[in-house]
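Numbering (my numbering), first residue to last: 7 to 120.
Using N, Cα and C, we set each Cβ at its ideal position, and we do this for glycine too.
Being a predicted model, the structure only gives us computed values, none of them experimental.
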């Protein structure tokens with residue numbers, strides 16, 4: 007099975023829609039039977055914010071992909087910066103690190119950055 011890694015830096019509310027494109031691509035890759043990992047860092051971590059407005063187009067698709075098993079990891083330093091260091095409320099979202107990202111990159115067959 008092909009292992010894909012998507013690294014998301016872009017904010018879910020940015021006008022360029024990179025975050026939405028990343029989530030749609032993750033869904034397409036899952037549908038294509040790929041082992042997909044999403045690593046959220048900097049502004050991209052706000053995709054996993056439970057306070058992301060319901061009207062945001064990324065939110066519903068992100069939650070749907072979590073429900074079907076998308077592996078989502080968030081940079082620990084970014085989590086601290088967002089005040090999420092005492093645990094994270096969304097099931098399926100895991101705290102990681104740059105070392106964890108390095109391992110994901112080494113293991114991946116495909117790496118995409120937004």
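- Query: Three-state secondary structure (DSSP) at residue 55?
  - Reply: Residue 55 falls in the coil class under three-state DSSP.
Please return the same chain residues whose Cβ sits closer than 6 Å to the Cβ of residue 40, not counting the five positions on each side in sequence.
Cβ neighbours of residue 40 within its own chain (closer than 6 Å, five residues either side excluded): 8, 10.
**Request:** Express the C-alpha separation of residue 117 and residue 100 in angstroms, rounding to a whole number.
**Result:** Pairing residue 100 with residue 117, the inter-Cα distance amounts to about 19 Å.
Counted within 10 angstroms of its Cβ, other Cβ atoms place residue 80 as buried (16 or more) or exposed: It counts as buried.
Can you check the region 21 to 67 for any beta strand (DSSP E) of at least 3 residues that lies completely inside it and give the ranges in chain order?
For the region 21 to 67, whole beta strand (DSSP E) runs of length 3 or above, ordered along the chain, are 41 to 46.
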